[in-house]
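J.: In my numbering, each residue carries its 1-based index in the sequence shown increased by 2. Glycine is no exception: its CB is placed at the ideal position from the N, C-alpha and C atoms.
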Amino acid sequence: MKPGIIEKSPNGWRLSVIANGSLSVNNDSLESDDIDRIEELLRPEFESRMKKEHVFVSYDNWSGVFIMYLADGKSEKGDELIKEIYAFLKD
3 MKPGIIEKSP NGWRLSVIAN GSLSVNNDSL ESDDIDRIEE LLRPEFESRM
53 KKEHVFVSYD NWSGVFIMYL ADGKSEKGDE LIKEIYAFLK D
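Written out as structure tokens, the structure reads:
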């Protein structure tokens, strides 16, 4: 898949393909001080899987708050988890 936005929710979350071909979720209307709130929101539902798949929440000036996984390559389990997180956050 080419890098770019796959879907954008009405509340500002975007599901995207990043340069290495893996999936990412971001919300460019959020700031770095929103990271803790998003992690707290995700923790009950996704904490153990996020640790296992090396999924993290971070921030940069272009993406706002983003959620992605660290992997040497594309991970089907990582992408599936990112899709589930996106579905959770968009609602």
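What is the C-beta distance between ASN88 and VAL27, in whole angstroms, given that I count them as a contact (C-beta under 8 Å)?
T.: For the purposes of this step, residue 88 is taken as residue 86 along the sequence shown, with counting starting at 1. For the purposes of this step, residue 27 is taken as residue 25 along the sequence shown, with counting starting at 1. The residue you asked about is not Asn; residue 88 is Tyr in the sequence shown. TYR88 to VAL27, Cβ: 5 Å. Contact.
J.: With respect to the beta strand (DSSP E) encompassing GLU33, which residues constitute its N-terminal and C-terminal limits?
T.: As a position in the sequence shown, residue 33 is number 31, starting the count at 1. Run containing GLU33: none; DSSP gives neither H nor E here.
J.: State the CB to CB distance for the pair LYS1 and ASN13, rounded to an integer number of angstroms; the pair is presumed to be in contact (CB under 8 Å).
T.: There is no way to answer for residue 1, as the model of the chain reaches only from 3 to 93.
J.: Quick one, which of ARG16, TYR61, SER34, ARG39 has its alpha-carbon nearest GLU86's?
T.: As a first step, residue 86 is located in the sequence shown; it is residue number 84 there, counting from the start. Closest by alpha carbon: ARG16.
J.: For ASN63, does the count of other Cβ atoms within 10 angstroms reach 16, so buried, or fall short, so exposed?
T.: On the sequence shown, residue 63 is found 61 positions in, with the first residue counted as 1. So ASN63 ends up on the exposed side.
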